[in-house]
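In terms of the numbering used here, the sequence shown has 252 at position 247, counting the first letter as 1, and numbering is strictly consecutive.
Note that CB positions come from ideal geometry on N, CA and C, so glycine has one too.
All figures in this text were calculated on a predicted structure; none of them were measured in a lab.
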Amino acid sequence: MKQLLQQLTQIPAPSGYEHKIRDAIREMVADYADEITTDALGNLIVRKGKAGQGKRIMLAAHMDEIGVMVSHIDENGFARFAPIGGVYPPYCLGGRVRFLNGHVGVINSENTSDPNKIPSLDQLFIDLGGTKHGIKVGDVAAFDRSFADLGDRVVSKALDDRVGVAVLISALRQLESTRHEIYFVFSVQEEVGVRGATTAAFQIAPDVGIAVDVTGWGDTPKVPPMVDVALGKGPAIKIRDSGMLADPRVVDWMISTAEKAKIPYQREVLLRGSTDARAIQLSRAGVPAGTISIPCRYVHSPSEMIDVRDAENAAALITALLSAEITWA
Ligand code: CO
Ligand code: ZN
Numbered sequence: 006m007k008q009l010l011q012q013l014t015q016i017p018a019p020s021g022y023e024h025k026i027r028d029a030i031r032e033m034v035a036d037y038a039d040e041i042t043t044d045a046l047g048n049l050i051v052r053k054g055k056a057g058q059g060k061r062i063m064l065a066a067h068m069d070e071i072g073v074m075v076s077h078i079d080e081n082g083f084a085r086f087a088p089i090g091g092v093y094p095p096y097c098l099g100g101r102v103r104f105l106n107g108h109v110g111v112i113n114s115e116n117t118s119d120p121n122k123i124p125s126l127d128q129l130f131i132d133l134g135g136t137k138h139g140i141k142v143g144d145v146a147a148f149d150r151s152f153a154d155l156g157d158r159v160v161s162k163a164l165d166d167r168v169g170v171a172v173l174i175s176a177l178r179q180l181e182s183t184r185h186e187i188y189f190v191f192s193v194q195e196e197v198g199v200r201g202a203t204t205a206a207f208q209i210a211p212d213v214g215i216a217v218d219v220t221g222w223g224d225t226p227k228v229p230p231m232v233d234v235a236l237g238k239g240p241a242i243k244i245r246d247s248g249m250l251a252d253p254r255v256v257d258w259m260i261s262t263a264e265k266a267k268i269p270y271q272r273e274v275l276l277r278g279s280t281d282a283r284a285i286q287l288s289r290a291g292v293p294a295g296t297i298s299i300p301c302r303y304v305h306s307p308s309e310m311i312d313v314r315d316a317e318n319a320a321a322l323i324t325a326l327l328s329a330e331i332t333w334a
């Protein structure tokens with residue numbers, strides 16, 4: 006799992022520019038898939054199990070990550086940028102971004118009268134290093150930060166949602182046979198509004214949908230006691246976030262499967278944010294949907310942290326869900 010996470014997180018793939026990560030994932034799943042396709046938006050759709058047998062299940066983890074898009078560059082190589090997804094100034098300052106051609110830029114800000122004041126996004130710039138270095142308006146970059154192994158925990162940029170990608174790859178590899186028709190979707194453009202999952206869910210028309218994504222945390226100093234999720238206590242089964250009320254039948258299915266298989270889990274009520282499951286739930290005439298979340302600290306910073314055991318248990322839970330008969334759907 007750690008090695009998979011290290012490989013996956015280091016590939017830059019801001020929303021809309023997922024080609025490098027898609028190629029890497031396709032190679033990782035090739036030996037385990039019954040069919041692999043890419044749709045017009047760029048979603049990588051991996052089928053396991055015979056078409057027409059059992060339930061049609063869609064699993065989704067997004068391949069894209071937050072980043073920046075250049076909106077203006079001056080002669081001295083200072084670029085202004087638009088955010089791609091949820092980009093926050095305190096996480097940008099002093100950080101680095103890497104363009105798709107490999108060029109690195111440094112983010113800093115206009116001089117402000119008060120050095121302790123956090124600048125706004127439009128006061129920030131990317132210093133490209135003296136000249137434009139071939140970077141043009143419209144070029145995109147991802148945040149750049151190396152992977153660190155802290156034992157049970159790992160730290161990297163883009164664990165949102167490469168940990169979900171790693172969980173799906175690992176579940177696919179563990180799944181020997183299935184009575185269902187399963188679609189593992191590695192989706193695009195989640196960070197800009199669950200766009201890839203929207204078209205993938207329409208095409209697949211699943212009986213059940215499950216997203217795998219990161220969620221918030223409540224176990225660092227002075228976090229308001231609103232979030233009951235902690236690192237290392239198991240994958241979180243989502244009950245609610247700001248975009249979705251998970252289908253209670255899906256929640257019950259996940260909880261009873263986890264209890265039967267003795268997999269630790271947590272109950273998640275997330276106050277802000279949502280996942281691809283929202284798009285699946287609202288697709289066509291509606292689909293029963295839920296989310297399995299990996300607790301993640303400092304989401305959307307270049308140093309996100311997860312507990313690897315939570316990812317391993319999430320993969321085990323998904324394998325258990327996909328291995329049994331589904332009676333309720
Ligand atoms: Co995100
Ligand atoms: Zn995410």
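Burial state of residue i (16 or more Cβ within 10 Å)
i: residue 258; result: buried
i: residue 164; result: buried
i: residue 340; result: The structure shown does not extend to residue 340, since the chain is modelled only from 6 to 334, so the question has no answer here.
i: residue 310; result: buried
i: residue 188; result: buried
i: residue 286; result: buried
i: residue 175; result: buried
i: residue 117; result: exposed
i: residue 135; result: exposed
i: residue 151; result: exposed
i: residue 186; result: buried
i: residue 312; result: buried
i: residue 102; result: buried
i: residue 155; result: exposed
i: residue 292; result: buried
Residue i Cβ short of 7 Å to the ligand ADP heavy atom set
i: residue 305; result: In terms of ligand content, the structure shown lacks the ligand ADP and carries the ligand CO and the ligand ZN instead.
Closest Cα partner of residue i within the set the options
i: residue 223; options: 217, 182 and 272; result: 272
i: residue 120; options: 188, 315, 212 and 98; result: 98
i: residue 305; options: 96, 263 and 215; result: 96
i: residue 332; options: 262, 289 and 238; result: 262
i: residue 22; options: 42, 41, 69 and 28; result: 69
i: residue 217; options: 226, 210, 227 and 199; result: 199
i: residue 323; options: 308, 151, 101 and 62; result: 62
i: residue 26; options: 12, 36 and 35; result: 12
i: residue 204; options: 34, 48 and 41; result: 48
i: residue 235; options: 167, 256, 265 and 269; result: 269
i: residue 307; options: 159, 185 and 108; result: 159
i: residue 254; options: 247, 243 and 248; result: 243
i: residue 33; options: 86, 209, 320 and 9; result: 9
C-alpha gap between residue i and residue j, whole angstroms
i: residue 194; j: residue 66; result: 11 Å
i: residue 177; j: residue 245; result: 26 Å
i: residue 148; j: residue 201; result: 21 Å
i: residue 115; j: residue 157; result: 39 Å
i: residue 91; j: residue 277; result: 12 Å
i: residue 206; j: residue 182; result: 23 Å
i: residue 78; j: residue 100; result: 18 Å
i: residue 43; j: residue 296; result: 23 Å
i: residue 64; j: residue 108; result: 34 Å
i: residue 184; j: residue 153; result: 39 Å
i: residue 24; j: residue 330; result: 36 Å
i: residue 6; j: residue 168; result: 9 Å
i: residue 122; j: residue 93; result: 14 Å
i: residue 279; j: residue 29; result: 26 Å
i: residue 256; j: residue 290; result: 20 Å
i: residue 274; j: residue 226; result: 20 Å
i: residue 41; j: residue 35; result: 8 Å
i: residue 56; j: residue 209; result: 11 Å
i: residue 320; j: residue 334; result: 22 Å
Pair within 8 Å by beta-carbon distance, residue i and residue j
i: residue 233; j: residue 60; result: no
i: residue 71; j: residue 19; result: yes
i: residue 39; j: residue 52; result: yes
i: residue 144; j: residue 75; result: yes
i: residue 89; j: residue 197; result: yes
i: residue 192; j: residue 14; result: no
i: residue 237; j: residue 314; result: yes
i: residue 294; j: residue 215; result: yes
i: residue 84; j: residue 130; result: yes
i: residue 3; j: residue 219; result: Because the chain is modelled from 6 through 334, residue 3 falls outside the range shown and cannot be assessed.
i: residue 241; j: residue 288; result: no
i: residue 190; j: residue 50; result: yes
For residue i, three-class secondary structure by DSSP
i: residue 298; result: strand
i: residue 5; result: This structure gives no information on residue 5, because the portion of the chain shown stretches from 6 to 334.
i: residue 25; result: helix
i: residue 18; result: coil
i: residue 284; result: helix
i: residue 327; result: helix
i: residue 318; result: helix
i: residue 112; result: strand
i: residue 255; result: helix
i: residue 87; result: strand
i: residue 271; result: strand
i: residue 33; result: helix
i: residue 309; result: strand
i: residue 216; result: strand
i: residue 53; result: strand
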